[in-house]
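The structure appears below as structure tokens.
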Amino acid sequence: MSRPLPRPHRGRPSARRGFALASAALTAFTLVAACSGPPAGSGTSAAYQLSAGTPAAKGGLDSFSWALYAEPLTLDYVNAFDYPSNMILSNVCESLMRWTPQLTEVPGLAEKASNPDPATWVYDLRQGVHFHDGSVMTADDVVFSLERQMDPNLGAAWSSVFQNVGSVTKTGPLQVTVKLKSPDSQFPQYMATAAGVVASQAAVKAAGKDWGSNSVDCTGPYKLGTWSKGQSLELTRFDDYWGTKAKSKKVVFDFLKDPSARTNAMLSGEIDGGYLIPTESYDRLRSSGVGTLYFGESLSTVNLNVTNMQGALGDVRVRRALSLALDRPGFVKTGLAGVGSVTGALTVPAAWAAAPEETRKAAFDLPSAAQDLAQAKALVKEAGATGKTVTVATSSIGQDVSLLATAVQAAGTQIGLDVRLKTIAPDAFSALFTDPKARQGIDMFPETYYLSVTDPMDLLTNFETGSFQNYAQYSDPAYDALVKQAQSAYDPAQRLAIEAKLQKQAADQLLWIPVANWPTSVFLNKRITGAPTTISYLYYPWAADVGAAR
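Just so we're aligned: the sequence shown equals residues -33 to -1, 1 to 517 in mature numbering (1 follows the signal peptide of the UniProt record, and there is no 0).
Here it is as structure tokens:
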């Protein structure tokens, strides 16, 4: 996600599972990339530890305040694929399935999901679930909500999830059946994301163009309160919620675009907490005594997205040489303030938690990420690439973007390449993800990518022929065949074994150059506690758990 590295946003209908940066502002601060280790958390370095969570709240609060680096463009669930919108929406709207703080999937608005045959998913819904307007959720609302994701006129950010859906039908008062065109192991997992959100059919139709801005009627533990455009947004507790009531009566999200302003607001106590902490603020917040800075499991990696294989990077030896020359430990120390870990893999270990040990070992039996300048120089010479130009996009979005680009330039210079930096304005950086013209003349750019489900396929499908983020137009029939096999394999062990082969091929070919794993960060003032430390806040009603620390 290009968040001080631009964050990837879900692709358009032509994409399979891709992400492209949704907001350049996001990259204004250093953001998530997962650190190795199980979701339960464990010490990872002297610089930081992963925490499984924060202490449970001891009571409720009248309200607490939360910092956001940008105002949501919309709260319409079909276009919610950026941090600000999802961080709020996860507390207002609910999906058929639910992510947990431990990054596992459990029933949500559907109390049961069954798979009677490989191309059919049946969702049996909970009884007595109320929308915020007091009406009761029905199967008709579910059919309507899912079909909105498939409406080409809406251009849903999650439309790629539904490309394999043949029909969505009501098969009982509280039952919905989804017929797939072919078996799809990914579809049911995405029902725990905003792709599976259920909204009130009557409310969406009544609101018209106001839906997602002045009106949002869902089933979550909070409902939309006052939205002061450009300043803040309030959520108020929904007391007729079907599940456990939220601990606090109100949440106030303050939009603070400037990283220093966000940090100062937390230090002064004006703001109680926030995710996506700027890396340059880690030390100040940790030593402030005002609260606690936590790090938790994420599903994100910092990479170099290879966008052009027509020039010097078309030779895998040159891509391998740049990878070998890159000072990853130096980047982690400076660009990520020491909070992260060097990696040679495009996905984090936590995404492979369901795999047998043998498969996990195979998935990470990859070329070394250690620096080797001598071998790198030899590869450049062997490829006849000495003196050839490689252009890397950079921006003042955040120190992770600018410092990674600088690190690539330093690496290339040392091995005989002519690496040139092309500076792009922060508010134009996101165009790299969506506009081919913006990528013209650029060979690679920094990108932080997170998984929206705990499955490596979410990233690995980016290298399938024609995928949205396959900017370099890589194409290999053998790779495509493996993608199809993995997508049709419902058995996790079988699917992950295929995905291990995909990860190895992507690493051997260096389709993107992996750099580091980056944990989620969250700061809590000492008066509050209960927020998850993991990236679950994108789809789990995290604010409902926040309450008084004492």
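Think of the CB as a built atom: it goes at the ideal place given N, C-alpha and C, for glycine as much as any other residue. Since this is a predicted model, take the numbers as computed values, not measurements.
Pull up the distance between the alpha-carbon of residue i and that of residue j, whole angstroms please.
i, j, result
"G10", "V299", "Because G10 sits at a pLDDT of 35, beneath the cut-off of 50, its placement in the model cannot be relied upon, and the following sentence gives the value as read from the coordinates. Cα-Cα distance, rounded: 17 Å."
"Q476", "V283", "6 Å"
"A320", "G258", "32 Å"
"G187", "H99", "8 Å"
"L399", "G139", "45 Å"
"A474", "G433", "19 Å"
"A456", "I465", "9 Å"
"R327", "K468", "11 Å"
"F331", "D49", "29 Å"
"P245", "T230", "8 Å"
"Q381", "A77", "56 Å"
"D206", "G27", "14 Å"
"A228", "S267", "26 Å"
"E349", "A343", "10 Å"
"N53", "Q277", "37 Å"
"A(-1)", "L418", "Only weak support exists for where A(-1) lies, its pLDDT of 28 falling under 50; the value from the coordinates is given anyway. About 10 Å."
"A377", "Q436", "26 Å"
"T500", "S30", "20 Å"
"W66", "Y446", "29 Å"
"V171", "R115", "10 Å"
"D422", "T310", "18 Å"
Hey, out of the options, whose CA is closest to residue i's CA?
i, options, result
"A106", "E114, L92, P393", "L92"
"residue 553", "Q381, S195, K214", "Residue 553 is absent from the structure shown; the chain starts at -33 and stops at 517."
"S308", "L76, G122, P85, P481", "P481"
"residue 590", "P403, A322, R295", "As shown, the chain starts at -33 and ends at 517. That puts residue 590 outside it, with no answer to give."
"V164", "V59, S182, H97", "V59"
"Y15", "L200, W479, D250", "D250"
"K217", "N231, L223, W194", "W194"
"G383", "T501, A288, N429", "A288"
"V285", "T310, L313, G379", "G379"
"Q452", "A37, Q153, A292, V96", "Q153"
"P393", "G351, P403, R115, G365", "G365"
Taking all protein chains shown into account, decide if residue i is buried (16 or more other Cβ within 10 angstroms of its Cβ) or exposed.
i, result
"N120", "exposed"
"G175", "exposed"
"residue 518", "Outside the shown range of the chain, which is -33 to 517, sits residue 518, and nothing can be said about it."
"E325", "exposed"
"N492", "buried"
"A(-6)", "Caution is warranted here: a pLDDT of 29 is assigned to A(-6), below 50, making its placement in the model unreliable, and no coordinate value can be reported."
"P155", "buried"
"Y504", "buried"
"N181", "exposed"
"D118", "exposed"
"A448", "exposed"
"G240", "buried"
"A337", "exposed"
"C2", "Any reading at C2 needs caution, since the residue's pLDDT is 29, under 50, leaving its predicted position unreliable; the model's value is listed next. Label assigned to C2: buried."
"D43", "buried"
"G8", "Any answer about G8 is weak, because its pLDDT of 32 lies below 50 and its placement is not dependable; what the coordinates show is given next. So G8 ends up on the buried side."
"Q470", "buried"
"R517", "exposed"
"S235", "exposed"
Less than 8 Å separating the beta-carbons of residue i and residue j?
i, j, result
"G302", "D225", "no"
"A86", "P150", "yes"
"E264", "A304", "no"
"M424", "L271", "no"
"I391", "T274", "no"
"T496", "A169", "no"
"V109", "Y261", "no"
"P90", "L70", "The sequence shown places Tyr at residue 90, rather than the Pro named in the question. Against a cut-off of 8 Å, the Cβ pair of L70 and Y90 comes out as no contact."
"W479", "V269", "no"
"A159", "G75", "yes"
"L291", "D221", "no"
"W509", "S57", "yes"
Inset, instruction - Would you mind listing the alpha helix (DSSP H) stretches within the region 430 to 460 that are 4+ residues and don't spill past its ends, in chain order? - result: List check, alpha helix (DSSP H) in window: 444 to 455.
Legend entry - Segments assigned alpha helix (DSSP H), at least 4 residues, entirely inside the region 40 to 88: Secondary structure in the region 40 to 88: the alpha helix (DSSP H) runs of 4 residues or longer, each lying completely within the stretch, are 50 to 59 in chain order.
Legend entry - In chain order, each beta strand (DSSP E) run of at least 3 residues that lies wholly inside the region 331 to 375: For the region 331 to 375, whole beta strand (DSSP E) runs of length 3 or above, ordered along the chain, are 356 to 361.
Inset, instruction - List in chain order: all unbroken alpha helix (DSSP H) runs of 4+ residues lying wholly within the region 143 to 190. - result: With a minimum length of 4 residues, the continuous alpha helix (DSSP H) runs that stay inside the region 143 to 190 are 154 to 157, 168 to 174.
Inset, instruction - List in chain order: all unbroken beta strand (DSSP E) runs of 3+ residues lying wholly within the region 457 to 504. - result: DSSP runs (the beta strand (DSSP E)) wholly in the region 457 to 504: 479 to 484, 487 to 492.
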